[in-house]
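J.:
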Amino acid sequence: MTGESKKIWQKVLLVFLTCLMVSCGGGSKGTGGEVLKGRLLSLTGEPQAGISVVLPTTGDQDLSNAQGDFLIQTELTEGRIEVLLEGQDFSVIVYIHDVPAGTRRIEITLVLDRHEGDVTPIIQAIKFD
C-alpha cells in the first residue's frame, strides 16, 4: 500500500468512526435518556423472575431477572405512565401516577399479590429523580 492510499484509508476510517459515534450518542430512544428501573416481589418478598414488563405507549420492555429486577430505557412522560405486567398465567396493568415534569429516572418496587388466580400489583416504593 502506498503512502497516499494509506492516508485515504485513514481519512475514510476517521469519517466512519465519527459517524458511528454521533449515531450512538445518548439521549435517543433506547440508548440513554430516561429509565424505568424496578423490582417485582411476591407478598412474602420472593423475587418474581420471568415477568415481562412493557410500556404499551412506547413498546419498550424488559423481562425481570432472577432477582426480580428490570430496567427499561425509554421516554418518560409527565403525569401517568401505564405499565403492563405479563406472566405465564396473568396479564395486569399498573399505573404510575403523578410523574413530575422533567423526570429522568423512576425506581419502583412492585409487590404482586396472587390470590385465587388473580394478580394485583401493589406499589410498595417509588422514587422519582
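Position one of the sequence shown corresponds to residue 15 (the numbering used here), numbered consecutively onward.
Backbone N, C-alpha and C fix where the C-beta goes; we use that ideal spot for every residue, glycine too.
1. Closest to S66 by CA distance: which of E130, E89 and L85 is it?
2. For R118, which of helix, strand or coil comes out of DSSP?
3. On a Cα-Cα basis, can you pick out the residue from Q102, L90 and Y109 that is closest to L9?
4. Whole angstroms is fine: what's the gap from H129's alpha carbon to P135's?
5. By DSSP, does L28 sit in helix, in strand, or in coil?
6. Return yes when the C-beta of A139 is under 7 Å from any heavy atom of the ligand FMN, and no when it is not.
7. So, for E121: in the same chain, excluding its five sequence neighbours on each side, which residues have a beta-carbon less than 6 Å away from its beta-carbon?
T.: Taking the definition as stated:
1. L85
2. coil
3. A question about residue 9 goes unanswered here, because the residues of the chain that appear run from 15 up to 143.
4. 11 Å
5. Confidence at L28 is low in this model, with a pLDDT of 44, below 50, so the placement of that residue is unreliable and no value is reported for it.
6. Absence of the ligand FMN from the depicted structure is noted, as is the absence of any ligand whatsoever, leaving it without description.
7. K51 and K141
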